[in-house]
Amino acid sequence: MTTNNNPVILAGAPAENATLFLKVGLALGDPTAWLSVDGKSTVILRDIEKDRARTIGLADHYACPTDFEPSTGLDADRTTATAQSVAEFLRRAGVRRIRTDRTLPYIYAWHVQQLGIDLDYDDSLGVLERRVKDKFQLAALARAQEVTEQAMERACCLIAQSVAQADGTLHHDGSPLTSERVKATIAKFLLDFGYTMGHGAIVATGPDAADCHHAGSGALQTGIPVIVDLFPRDESTRYWGDCTRTVVHGTPSDTVAAMHQAVVSAKSAATAQLQLGSTAEEVHLAAVEVLTQHGFLQSRGTLSEQPTIQHGTGHGIGLELHEPILLDHGGGPLLEGEVFTVEPGLYGRRDGGVRVEDMLVVTDAEAQNFNRLHDGLDWS
Numbered sequence: 262m263t264t265n266n267n268p269v270i271l272a273g274a275p276a277e278n279a280t281l282f283l284k285v286g287l288a289l290g291d292p293t294a295w296l297s298v299d300g301k302s303t304v305i306l307r308d309i310e311k312d313r314a315r316t317i318g319l320a321d322h323y324a325c326p327t328d329f330e331p332s333t334g335l336d337a338d339r340t341t342a343t344a345q346s347v348a349e350f351l352r353r354a355g356v357r358r359i360r361t362d363r364t365l366p367y368i369y370a371w372h373v374q375q376l377g378i379d380l381d382y383d384d385s386l387g388v389l390e391r392r393v394k395d396k397f398q399l400a401a402l403a404r405a406q407e408v409t410e411q412a413m414e415r416a417c418c419l420i421a422q423s424v425a426q427a428d429g430t431l432h433h434d435g436s437p438l439t440s441e442r443v444k445a446t447i448a449k450f451l452l453d454f455g456y457t458m459g460h461g462a463i464v465a466t467g468p469d470a471a472d473c474h475h476a477g478s479g480a481l482q483t484g485i486p487v488i489v490d491l492f493p494r495d496e497s498t499r500y501w502g503d504c505t506r507t508v509v510h511g512t513p514s515d516t517v518a519a520m521h522q523a524v525v526s527a528k529s530a531a532t533a534q535l536q537l538g539s540t541a542e543e544v545h546l547a548a549v550e551v552l553t554q555h556g557f558l559q560s561r562g563t564l565s566e567q568p569t570i571q572h573g574t575g576h577g578i579g580l581e582l583h584e585p586i587l588l589d590h591g592g593g594p595l596l597e598g599e600v601f602t603v604e605p606g607l608y609g610r611r612d613g614g615v616r617v618e619d620m621l622v623v624t625d626a627e628a629q630n631f632n633r634l635h636d637g638l639d640w641s
């Protein structure tokens with residue numbers, strides 16, 4: 262890793278690269294590059310996007326590939342041409358060494374290195390600046406979580422207020438209530454708010470819920486816990502919500518009730534630990550300690566018949582659903598303004614799964630929770 266005053270390159274498609282999106286301000290699907298040389302930033306992008314990007318004005322200069330055409334000409338392929346122009350830009354600027362982040366497509370590295378320019382990887386580039394959220398970003402995340410909670414309440418009430426048939430299956434409006442039907446209902450609801458479920462959703466029950474990330478399928482049953490995990494994106498701000506609740510239609514078993522009590526207590530312990538001066542690992546260990554005190558064991562990487570602990574306690578969130586750092590083993594010091602999910606859970610084939618998840622921001626006092634919904638099993 263090199264010093265931070267070296268020239269920098271970020272490249273790709275801003276619609277898919279959150280760090281690049283922050284630099285450009287447009288969710289472009291076409292190849293785009295952001296370069297910083299001598300303290301001045303330049304964006305190279307398609308000619309039809311140049312004026313729109315200039316209006317936003319996050320960079321000092323805007324150019325298109327033809328502005329930096331090498332003597333050999335530009336390739337007809339758009340990505341190749343952009344990479345060629347980046348290399349030519351650096352050559353004209355006299356750059357001999359440049360830093361990049363974890364996301365740089367190899368085509369850019371190849372063209373830069375063909376001109377004898379050294380490329381250094383900086384593992385913190387684009388990570389630290391996105392970990393700490395500003396006021397706009399915090400407001401965007403709070404709004405995303407607010408809408409996510411509205412969808413969550415709708416989903417959990419739909420399940421809890423359905424009618425159990427003689428065989429235990431749930432019906433709503435005369436038709437079977439399935440995982441797929443709940444997800445479709447929520448997707449339509451979220452669209453009205455300008456939110457999409459690009460990564461899907463989880464409505465998992467029974468043995469499916471033994472796998473903590475199983476999306477769920479088939480008919481829902483009375484008395485069986487249903488994990489509802491919703492993580493939509495606000496298409497206007499591109500920030501994500503992420504919330505999980507567990508709902509039981511009817512009366513939960515004693516085991517499920519005990520699982521739920523342990524999970525909620527673990528969430529409270531982790532939340533209390535989520536403060537300046539703590540590490541992400543300490544937050545995770547606070548949750549694990551509570552779950553193990555309740556008699557539950559860890560089984561990471563292995564599905565179990567009995568309810569067990571399968572995963573870390575949470576993750577950063579922002580322009581990406583999962584961002585550094587993780588609330589898990591090895592997680593370093595927390596920063597003021599970081600936003601995390603806190604989501605302990607227990608999972609087993611025999612009893613199903615229970616998970617509860619909130620979104621919180623680290624402050625100079627106790628963590629601020631963006632969630633307002635209750636975290637109980639009864640949504641009737």
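For what it's worth, this note's numbering labels the leading residue of the sequence shown as 262, then goes sequentially. C-beta: ideal position from N, C-alpha, C; glycine also. Small disclaimer: the values here were computed from a predicted structure and weren't measured.
By the neighbour-count criterion, in which 16 or more other beta carbons inside 10 Å mark a residue as buried, residue 273 falls on the buried side. Minimum Cα-Cα distance from residue 605 among the listed residues 596, 296, 480 and 615 corresponds to 615. For residue 360, the number of other beta carbons within 10 angstroms of its own is at least 16, and it is reported as buried. The alpha-carbon of residue 497 is positioned some 11 Å away from that of residue 287. Between residue 493 and residue 451, the C-beta gap is smaller than 9 Å, which places the two residues in contact. The beta carbon of residue 589 sits closer than 6 Å to those of 545 and 573, all from its chain and outside the five residues before and after it, given in chain order.
Taken in chain order, the whole beta strand (DSSP E) runs of length 3 or more contained in the stretch 486-572 are 487-491 and 504-508. Each of 576, 341, 619 and 482 was checked against the Cα of residue 595, and the nearest Cα belongs to 576. Residue 278 and residue 364 have their C-alpha atoms spaced approximately 8 Å apart. Take residue 318, set aside five residues on each side of it, and no residue of its chain has a beta-carbon closer than 7 Å to its own. By the C-beta criterion, the stretch 387-400 is judged not to be in contact with the stretch 439-449, since fewer than 3 inter-stretch pairs fall below 8 Å. In chain order, 610 place their CB closer than 6 Å to the CB of residue 468, counting only its own chain and leaving out the 5 sequence neighbours on each side. Annotation: residue 303 is outside any alpha helix (DSSP H); the continuous beta strand (DSSP E) that includes it extends over 301-305.
Look at residue 365 here: in three-state DSSP terms it is coil, with no helix or strand label. Separation of the CB atoms of residue 378 and residue 341 is rounded to 17 Å, and the pair is thereby denied contact status at 8 Å. With 16 or more other Cβ atoms inside 10 Å of its own Cβ, residue 488 counts as buried.
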